[in-house]
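Residue numbers (my numbering), protein chains in the order written: chain A, 89 to 340; chain B, 89 to 340; chain C, 89 to 340.
For each residue, glycine too, the CB sits at the ideal point set by N, CA and C.
In this text, all values refer to a predicted model and were calculated from it rather than measured experimentally.
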Amino acid sequence: MNISDISSQINTQVLGSVLTIKFNRPDKMNSFTFEMYRALTKILNEIEDDDDVRVVVLSGSGGNFSAGNDIKDFVSVVEENGMDRGHDAPAFVDTLREFSKPVVAAVEGFAVGIGATLLLYCDLVYASQDAQFRTPFTHLGLCPEAAASHILPRIMGRARAGEWLLLGDIIPADQAMRDGVVTRVCDDPLAMAQEKAMFLSKMSPKAVADTKRLMSSQNEILRKAFDEEMIKFAECLETEEARAAFKSFLER
Amino acid sequence: MNISDISSQINTQVLGSVLTIKFNRPDKMNSFTFEMYRALTKILNEIEDDDDVRVVVLSGSGGNFSAGNDIKDFVSVVEENGMDRGHDAPAFVDTLREFSKPVVAAVEGFAVGIGATLLLYCDLVYASQDAQFRTPFTHLGLCPEAAASHILPRIMGRARAGEWLLLGDIIPADQAMRDGVVTRVCDDPLAMAQEKAMFLSKMSPKAVADTKRLMSSQNEILRKAFDEEMIKFAECLETEEARAAFKSFLER
Amino acid sequence: MNISDISSQINTQVLGSVLTIKFNRPDKMNSFTFEMYRALTKILNEIEDDDDVRVVVLSGSGGNFSAGNDIKDFVSVVEENGMDRGHDAPAFVDTLREFSKPVVAAVEGFAVGIGATLLLYCDLVYASQDAQFRTPFTHLGLCPEAAASHILPRIMGRARAGEWLLLGDIIPADQAMRDGVVTRVCDDPLAMAQEKAMFLSKMSPKAVADTKRLMSSQNEILRKAFDEEMIKFAECLETEEARAAFKSFLER
Chain A
89 MNISDISSQI NTQVLGSVLT IKFNRPDKMN SFTFEMYRAL TKILNEIEDD DDVRVVVLSG
149 SGGNFSAGND IKDFVSVVEE NGMDRGHDAP AFVDTLREFS KPVVAAVEGF AVGIGATLLL
209 YCDLVYASQD AQFRTPFTHL GLCPEAAASH ILPRIMGRAR AGEWLLLGDI IPADQAMRDG
269 VVTRVCDDPL AMAQEKAMFL SKMSPKAVAD TKRLMSSQNE ILRKAFDEEM IKFAECLETE
329 EARAAFKSFL ER
Chain B
89 MNISDISSQI NTQVLGSVLT IKFNRPDKMN SFTFEMYRAL TKILNEIEDD DDVRVVVLSG
149 SGGNFSAGND IKDFVSVVEE NGMDRGHDAP AFVDTLREFS KPVVAAVEGF AVGIGATLLL
209 YCDLVYASQD AQFRTPFTHL GLCPEAAASH ILPRIMGRAR AGEWLLLGDI IPADQAMRDG
269 VVTRVCDDPL AMAQEKAMFL SKMSPKAVAD TKRLMSSQNE ILRKAFDEEM IKFAECLETE
329 EARAAFKSFL ER
Chain C
89 MNISDISSQI NTQVLGSVLT IKFNRPDKMN SFTFEMYRAL TKILNEIEDD DDVRVVVLSG
149 SGGNFSAGND IKDFVSVVEE NGMDRGHDAP AFVDTLREFS KPVVAAVEGF AVGIGATLLL
209 YCDLVYASQD AQFRTPFTHL GLCPEAAASH ILPRIMGRAR AGEWLLLGDI IPADQAMRDG
269 VVTRVCDDPL AMAQEKAMFL SKMSPKAVAD TKRLMSSQNE ILRKAFDEEM IKFAECLETE
329 EARAAFKSFL ER
């Protein structure tokens, strides 16, 4: 496989046994298109059984991690194809959740929506001091996804999770670390992520895989929580409030 | 309904779609009487299906949130009526737990006993710098209630929860935020709570309700944990140590 | 019982109703031998029904808490007797988990491996500013034990738990407190632990025991998580990577 051919919206680079995947739509703050979801899913599936890749680094480009779903792409695809194609996004989250090798994220700038919730499935998250996290689902008339509604209240307490999921506030990097979403705040998150990934890639693959699997023992619960969210999410998408929010967003 | 008529120990105020409920026994640090539990339960039940109220703010008065159970009232009522009437307190917690609209708490001064544990069922908790949190059940010969024994070790770790529930220490506001019980420490928690409540009240009611429900997915587990606590709580009430602690408290 | 006779590798001291147990191999940074595991298990079992002991303090000696498993002892015993004798270590964790009285830990210097994971079963953990926590299982080609893979992601978030369990980093005391493994950082953790233990020992035994039991409601889940870890742990022990790591460690 030449994974660099999968999509121009994704850059990949292999160094040793570490694969770095960069979201490559810097002019759109790396917001995710369906093409990107499918490309990311395909890459993770391809390397699942590839012994040459032991650790994955996820990064943005152009100073941001990801602004989340590309709403223009989302609306046009779902209007044309229905929610069947909309399932490309949850399929990526499902694949990331079940992926057996360590995933290390490097976050600069904005990590919004699914650009923030996917971090809940990363094993290490390094963020720059100016990184900003945001899950503004209610602002769009929507509910959380990726089991964020299950995970966040449990790791940080309901009172803190309310700031993320109900208010949709911007959470600075230091607070995101205190809330347990970020491993560490540092000057150069990509360099740090790649250094730690390289370190993990040289350890016993079985020890690392077993550790990750044991730490993921609630995956089945998270899958169910995500399924429940998706039922409500689809309902919310049909509301006037969500339609108005999307329309207003696209007219900006 | 004119909810302001329910009890003189509770003040209510409606602004837009936000109902502010103030515990109104400032000379008793707003400690809860059975009358207050029943009034609070009644208000929450009344507004559950009232579309004019979208968000609730809970606040104390006179510089404190609540000193918890009014022990004098508790002892006199339970001695006269048995634990059946004692169930007014857990009934309030049950109603708060199942309440479908966002609840925002504003905490100044003391939040003690059930005045602290009820915060675990609030969606946002704003506290002043001088707010003090305390769950001194063991000091009274009692065990925790409101599923605090289940929630606290999970969100803050067992070692930190021991300081709350075994030692019954005073927890300052900054620490309570780090422990995940407080959303944010601020200068004027009531103004902040009302501002955030107003903000939430203008969002899509379905998106907000679905988000809250998804975030409350462990309610059934919490109900069972609370039931188990109440069995032990009733047993503890019968011990000499609890009787002596209550007597000593009342003689202060 | 004269528990001071159980093993020269364990010192015990009774003050009031508080039993202080000191790991006594200061020249080996109090790393645990099978003799120590068995002695600790025996002591906990003996005092489980001894009303004269109400609270236990665990402490190291010589400036460290414990460097974890004594690998030399572990290798020689397991090579001679197989994993049957290897079960002395998990048996100690099982006993500590099910122990009904409060356990307060005082940590100075290193708390490594099982010297760190056993803290997850202590009710209060006081640490000196220079205490260092470390769970470097992957460095030895192993996976976590004592249900650390279950507990850590839940209390501190997966991103923070990755630093403990995948990277095996040294975690300073302040961070361990923020992560929920330490109750409080203080100048003299042993004095603090004994003071708090004395305080707890004077409270209603039933209230304290009920509170601890209610806070331990997930013990059955932790037992299963530990069992699953032990299957993987035994597999990892057989790998070339683990054998090489042990060999390299013993040749240092």
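Is the CB-CB distance between residue i and residue j below 8 Å?
{"i": "residue 261 of chain A", "j": "residue 306 of chain A", "result": "no"}
{"i": "residue 202 of chain C", "j": "residue 177 of chain C", "result": "yes"}
{"i": "residue 281 of chain B", "j": "residue 147 of chain B", "result": "yes"}
{"i": "residue 145 of chain C", "j": "residue 105 of chain C", "result": "no"}
{"i": "residue 204 of chain A", "j": "residue 268 of chain B", "result": "no"}
{"i": "residue 302 of chain B", "j": "residue 316 of chain A", "result": "yes"}
{"i": "residue 198 of chain C", "j": "residue 117 of chain C", "result": "yes"}
{"i": "residue 190 of chain C", "j": "residue 254 of chain B", "result": "yes"}
{"i": "residue 227 of chain A", "j": "residue 256 of chain A", "result": "yes"}
{"i": "residue 111 of chain C", "j": "residue 164 of chain C", "result": "no"}
{"i": "residue 242 of chain A", "j": "residue 242 of chain C", "result": "yes"}
{"i": "residue 129 of chain C", "j": "residue 179 of chain C", "result": "yes"}
Give me the Cα-Cα distance between residue i and residue j, rounded to the nearest whole angstrom.
{"i": "residue 235 of chain B", "j": "residue 97 of chain A", "result": "48 Å"}
{"i": "residue 143 of chain C", "j": "residue 109 of chain B", "result": "43 Å"}
{"i": "residue 113 of chain C", "j": "residue 156 of chain C", "result": "12 Å"}
{"i": "residue 335 of chain A", "j": "residue 225 of chain A", "result": "15 Å"}
{"i": "residue 175 of chain A", "j": "residue 194 of chain B", "result": "41 Å"}
{"i": "residue 215 of chain B", "j": "residue 265 of chain B", "result": "9 Å"}
{"i": "residue 294 of chain B", "j": "residue 139 of chain B", "result": "12 Å"}
{"i": "residue 196 of chain C", "j": "residue 154 of chain C", "result": "9 Å"}
{"i": "residue 321 of chain A", "j": "residue 308 of chain A", "result": "20 Å"}
{"i": "residue 275 of chain B", "j": "residue 102 of chain C", "result": "48 Å"}
{"i": "residue 291 of chain A", "j": "residue 200 of chain C", "result": "19 Å"}
{"i": "residue 131 of chain A", "j": "residue 304 of chain A", "result": "21 Å"}
{"i": "residue 82 of chain C", "j": "residue 249 of chain B", "result": "Here chain C has residues from 89 to 340 only, and residue 82 of chain C is not among them."}
Report the neighbours of residue i on chain C: residues whose CB is nearer than 8 Å to its CB, in chain order.
{"i": "residue 319 of chain A", "result": "What residue 319 of chain A touches in chain C: nothing, since even the nearest Cβ is about 25 Å away."}
{"i": "residue 277 of chain A", "result": "Result: empty, since nearest Cβ-Cβ is about 12 Å, beyond 8 Å."}
{"i": "residue 330 of chain B", "result": "292, 295"}
Give every residue of the same chain whose Cβ lies closer than 7 Å to the Cβ of residue i, excluding the five residues on either side of it in the sequence, and list them in chain order.
{"i": "residue 206 of chain B", "result": "181, 184, 234"}
{"i": "residue 244 of chain B", "result": "267, 268"}
{"i": "residue 121 of chain B", "result": "97, 158, 161"}
{"i": "residue 286 of chain A", "result": "104, 106"}
{"i": "residue 270 of chain B", "result": "213, 215, 261, 264"}
{"i": "residue 277 of chain C", "result": "194, 195, 196, 214, 215, 216"}
Using a Cβ-Cβ cut-off of 8 Å (strictly less than) and excluding sequence neighbours within five positions of residue i, which residues of its own chain qualify?
{"i": "residue 188 of chain A", "result": "136, 297, 300, 301"}
{"i": "residue 330 of chain C", "result": "228, 229, 230, 324"}
{"i": "residue 289 of chain C", "result": "104, 105, 106, 142, 143"}
{"i": "residue 133 of chain B", "result": "183"}
{"i": "residue 251 of chain A", "result": "257, 259"}
Considering only residues of the same chain and omitting the five flanking positions on each side of residue i, which have a CB-CB separation below 6 Å?
{"i": "residue 327 of chain B", "result": "229"}
{"i": "residue 258 of chain B", "result": "220, 222"}
{"i": "residue 210 of chain C", "result": "191, 193"}
{"i": "residue 95 of chain B", "result": "123, 127"}
{"i": "residue 337 of chain A", "result": "159"}
{"i": "residue 313 of chain A", "result": "235, 238"}
Cβ closer than 7 Å: which chain A residues qualify as neighbours of residue i?
{"i": "residue 248 of chain C", "result": "268, 271"}
Along chain A, in chain order, which residues have C-beta atoms closer than 8 Å to that of residue i?
{"i": "residue 237 of chain C", "result": "299, 302, 303, 305"}
{"i": "residue 253 of chain C", "result": "299, 303"}
{"i": "residue 313 of chain C", "result": "302, 305"}
Please list the partners that residue i has in chain B, where partner means a Cβ-to-Cβ separation under 9 Å.
{"i": "residue 208 of chain A", "result": "Going along chain B, no residue has its Cβ under 9 Å from residue 208 of chain A, so there is no contact; the nearest lies around 14 Å."}
Note down, in chain order, every chain B residue with its Cβ under 7 Å from the Cβ of residue i.
{"i": "residue 213 of chain C", "result": "247"}
{"i": "residue 241 of chain A", "result": "303"}
Residue i touches chain C at which residues, Cβ-Cβ below 9 Å?
{"i": "residue 225 of chain B", "result": "295, 299"}
{"i": "residue 190 of chain A", "result": "250, 254"}
Could you work out which residues of chain C lie near residue i, taking near to mean beta carbons separated by less than 7 Å?
{"i": "residue 113 of chain B", "result": "Here the premise fails: no neighbours, minimum Cβ distance about 27 Å."}
{"i": "residue 230 of chain B", "result": "295"}
{"i": "residue 327 of chain B", "result": "292, 294"}
{"i": "residue 316 of chain B", "result": "302"}
{"i": "residue 284 of chain A", "result": "255"}
List, in order along the chain, the chain B residues whose C-beta lies closer than 8 Å to that of residue i?
{"i": "residue 287 of chain C", "result": "255"}
{"i": "residue 244 of chain A", "result": "243, 268"}
Where are the alpha helix (DSSP H) runs, 4 residues long or more, that stay fully inside the region 201-287 of chain C, in chain order?
-> Taking only runs of at least 4 residues, the alpha helix (DSSP H) segments lying wholly in the region 201-287 of chain C are 202-205, 236-244, 246-253, 261-266.
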